[in-house]
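Residue numbers (my numbering): 3 to 1269.
Single-structure report; data block below.
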């Protein structure tokens, strides 16, 4: 009876909805089959044979369990092609089906999905029986607030995000996704005021969700995270076990579960799980490291050593940033710790709308003719029968220009420039024998370049900056009479520049002959200096494989780039899986599902809106749509093949032709029902999992009358500038032409992405942003795009994303994941415009920053600790030696209640290991100045501590720089007027063109006291290069040259100190003992470097060591660790460097965080007294307050003045991709280590005191999931 009651209830709702809404008897959120795929097999009551052909995401075989995807969405049953059944019989059939479903799982589909249930809905804010216009308005408000909250949480504005989600929940009170997102936002507020209450509410919301929906994976995951943060590992284990049992394939979940198993001493099961992770993803660095530790513990040193070698290789050449905090800073820590999308709100059915996609009768023809051509030496039957095309804004005037091939019998290749309205004029020919053009910014200079695949040797053309190209000869490639069937620019090694890929064939034909001998493809790594190196060997692709085209993308969702090389022969594709760190493997093709042969073309997109990169492949047998499960496993959709596979063609594109927010399919040379060959458009019928041919929808469409007669490449883009995508066709034997889209108006947005920001271009993504994932969401519309998807083997659409918005007048939430892993969110972008979106420049690492109270405010002093940087990659395989001790001169101090107060704050993406803090007071005669011996030493020994005393500095009488400018005033006083670097290297952060400062010290050098030491003292600041930068410059053969000191003597410049060192950060002094190196009479000195280094003051002094000084050190009276936030940058004078405003705090910032055990908040005084390797460990947004008792210092004597310094013994470690061990707090440093990373023979101290320290203090566990 209960089953029948549930079924009747559902039926009544359906009938009621049909009457009220006048639409389908089963609205989209209830269109569900009678089988629950999540129930035990024995509970299933319907055969799965009838549902096997439905794609994942729309399957009939599941009870709408929507929490298994990063972007949740409804399961929709497509409309049947059969005649409509009698309504009564239809309702009866639905009753039986829903009764069976309820019998299988005990919950209706909406219940199981955690969605608002219309059967129980009594909330007046979304009334079931209200007029549809009223319901649509409420739904629109709910969606707007929801999308706004999602964007805010990805801007790390957690309070505002929670408020927006609350508003959405008020409008849809049972909306589980809104509840979860509130909890997620609150969980990330754990450092703010009222953290206990917000964390408690987050916990309660997750528990409430699980009470209604026990299998809600996101809630389990987040609740486990909460309990782990709270230190309740038993409960955390319970919830992560639940997620693991529901989704054991998710590596994020498996890793977290294994960690907790280790904590509960179940090492055997943990080892099995970690082994599975590493086997499936050898680039999962955390699993490699954790498994290595487990094998060490289990007494298997051989296996541990193998893993240790793999781990070191991964960390020294990390390719992709993938570790995100799951502490208080939101990030992409896997699908179950990410904001849920609005896609599963139960909306009222969208009224059916007539597709009004059509084209103007005015066809825009080019004044040219495309020719079937071949090389003179080509055998009989060979020929280039598919003309190449690439579209891009070549001259940067806002419209799309074209590069076309096959314009005469020699394969002439020409640029065609657009006037903005779709009328093109031919430019000068740039090459012959052109086949496959590809346009992107290969040199990261802000304008696009051309990589042209040809018959014979390919050519690279760089843009002169005015839309014209110049050929470069630095590309070394075999010039045999092979043909490049597909040329692409791809950031293969993920280092922020585009590499050159060419699929080569010996067939001398396009499309390639299937029986041509196998030849080697070409993959040329970009060295950023205009030269390229062969990467096929290092990438494991040096065997001849006869690839006809390559499609790249993150097909396994691990945030590194993979590639599929398709073949024109009867050979299976080569599936290249990136494991990072110059490690990769060729996947089992059968297991991948990519078993097609004789491939002509392929492209990638996300037509089913599930966030995975699907493939559309054209072969000699037809066209296949392959759905990706997110793990590099593809399934051919037989329903699509049955309906459209016979259309065939040589290539095409996913593009939103009708601006409704769904990806349609464009084909240039489809075989049509009447036997003709010509363009075709398959219109996406979302939310039904189906495509319909435009010719079937509107047989009178102009498209049906256009014939190409044979192979034709195509590109869809807005060539006419009216916000609609037009269709360019390139048929051999005809003139190229454009079909102008004249569809009904709908809203749209164009997104021009740039991976480097502004003139400095200091981000780490390629300038063209190839590989960037963009999610566009507004109301009912959501769609993911990726920059750089192709349109066939010889055709490339523009890089600019064109996103249809339907009736939405703005983009409510735009999510961008850049190639370097930076997550960026934008809110409320107005529709019907092109938006230029540059990657946010984030200085992700530096050092802890020091503030002192000066009687009025907390004054910014400088950063410090840079000399103690851990794992800094100077060159591949070479790490800097950390020096943890530093003495920081302090400005005026003013006591607060008898104590000097200082704040040590970490504002950036790194961890600090603070061991000792002492206040140093130096009493010296009035009229003198003291300076500590400080230097970021490179080719000299790190200086030991001493104080230099000066009473008569020797200042330069003249100073000039490398450009001949007079910079004397700039180096006389500390005034933020600088000499130094003038031309920064736009490719590499921290690098500049060679520069120098020449100092003339005049006659004062003749009067030096030979009994006194001579000290060079300089004050300035440096922009540190990152480890990643040093890795990239090593490829470019561009070394970073620290300052070298030269003296002009005997008519020539003599190097006295070669690359001695530099000031160690922001607002720093450096001193160098030049006694014996600068002699009496040496007037002129040069300091040269190619670092991004700026000098504010430089002088010489003779150390008056005979004068009395008294130095006192006092220990910290009180040290306290707590959360603070992120001080905002400002410039007091509009010049660099920016300073930090202690009073202007952001609560959230887009920083990732190392996983591991941090020091708990609170009093930590005893840890700061001695350098004993018992550290205060803290991370981004956290602050260590240091207080020193003024009375602990001896009184100041008459005739003396007092200067203060902070003595700090500390290490720091950033999260740069190439820094050693960047993603973990461990391995902990120690003062006796020989290097960092240290060898297996060394280890952190295990004395009882150190064990107790870690147990007592380092209890704040932050777990990060993905590397």
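Heads up, the beta-carbon is just placed ideally off N, CA and C, and yes, glycines get one too.
Rounded distance between the beta-carbons of residue j and residue i, thought under 8 Å
| i | j | result |
| --- | --- | --- |
| residue 969 | residue 983 | Between residue 983 and residue 969 the Cβ distance is about 12 Å, and since that is not below 8 Å, they are no contact. |
| residue 1171 | residue 918 | 7 Å |
| residue 698 | residue 683 | Contact doesn't hold; Cβ gap of about 11 Å is too wide. |
| residue 487 | residue 514 | 5 Å |
| residue 748 | residue 661 | 4 Å |
| residue 681 | residue 731 | 6 Å |
| residue 163 | residue 144 | The Cβ separation is near 15 Å, so there is no contact. |
| residue 824 | residue 842 | 7 Å |
Collapsed DSSP secondary structure at residue i in the structure displayed
| i | result |
| --- | --- |
| residue 1128 | strand |
| residue 625 | strand |
| residue 71 | With a pLDDT of 31 at residue 71, under the threshold of 50, the modelled position of that residue is not reliable, and no figure is offered here. |
| residue 994 | strand |
| residue 255 | helix |
| residue 703 | coil |
| residue 169 | helix |
| residue 402 | coil |
| residue 237 | helix |
| residue 365 | coil |
| residue 304 | helix |
| residue 661 | coil |
| residue 1189 | strand |
| residue 726 | coil |
| residue 920 | strand |
| residue 577 | strand |
| residue 568 | strand |
| residue 1092 | strand |
| residue 246 | helix |
| residue 320 | Residue confidence is low: residue 320 scores 44 on pLDDT, short of 50, so the model does not pin down where it sits. Its coordinate-derived value is still stated next. Residue 320 falls in the coil class under three-state DSSP. |
| residue 774 | coil |
| residue 40 | With a pLDDT of 31 at residue 40, under the threshold of 50, the modelled position of this residue cannot be trusted, and the question is left open. |
| residue 1262 | strand |
Beta-ladder partner(s) of residue i, from DSSP
| i | result |
| --- | --- |
| residue 202 | BP columns for residue 202 are empty, so no partner. |
| residue 1247 | According to DSSP, which records beta bridges pairwise, residue 1247 is partnered with nothing at all. |
| residue 1203 | 926 |
| residue 798 | 392 |
| residue 779 | 784 and 815 |
| residue 1176 | Beta-bridge pairing links residue 1176 to no other residue. |
Beta-carbon proximity check, residue i vs residue j, cutoff 8 Å
| i | j | result |
| --- | --- | --- |
| residue 654 | residue 727 | no |
| residue 815 | residue 153 | yes |
| residue 1061 | residue 1043 | yes |
| residue 446 | residue 989 | yes |
| residue 973 | residue 437 | no |
| residue 600 | residue 623 | yes |
| residue 1180 | residue 1188 | no |
| residue 567 | residue 578 | yes |
| residue 1212 | residue 854 | no |
| residue 222 | residue 244 | yes |
| residue 756 | residue 737 | no |
| residue 1274 | residue 435 | This structure cannot speak to residue 1274, because the chain is shown only from 3 to 1269. |
Cβ pair count under 8 Å reaching 3, the stretch 390-410 against the stretch 455-474: Contact holds: three or more Cβ-Cβ distances are below 8 Å.
Any 3 or more C-beta pairs closer than 8 Å across the stretch 1047-1064 and the stretch 1104-1112: Contact between the stretch 1047-1064 and the stretch 1104-1112 is absent: fewer than three C-beta pairs spanning the two stretches fall below 8 Å.
Inter-stretch contact (C-beta, 8 Å, three-pair minimum) for the stretch 919-932 and the stretch 1196-1212: Flag = yes, the stretch 919-932 and the stretch 1196-1212 touch.
Touch test, the stretch 301-313 against the stretch 604-612, Cβ-Cβ under 8 Å, three pairs minimum: With the cut-off at 8 Å, the stretch 301-313 and the stretch 604-612 do not touch.
At least three beta-carbon pairs within less than 8 Å, the stretch 493-503 to the stretch 958-969: Segments in contact, no.
Meets three-Cβ-pair contact criterion under 8 Å: the stretch 1071-1089 and the stretch 1005-1019: Taking 8 Å as the limit for Cβ pairs, the verdict is that the stretch 1005-1019 does touch the stretch 1071-1089.
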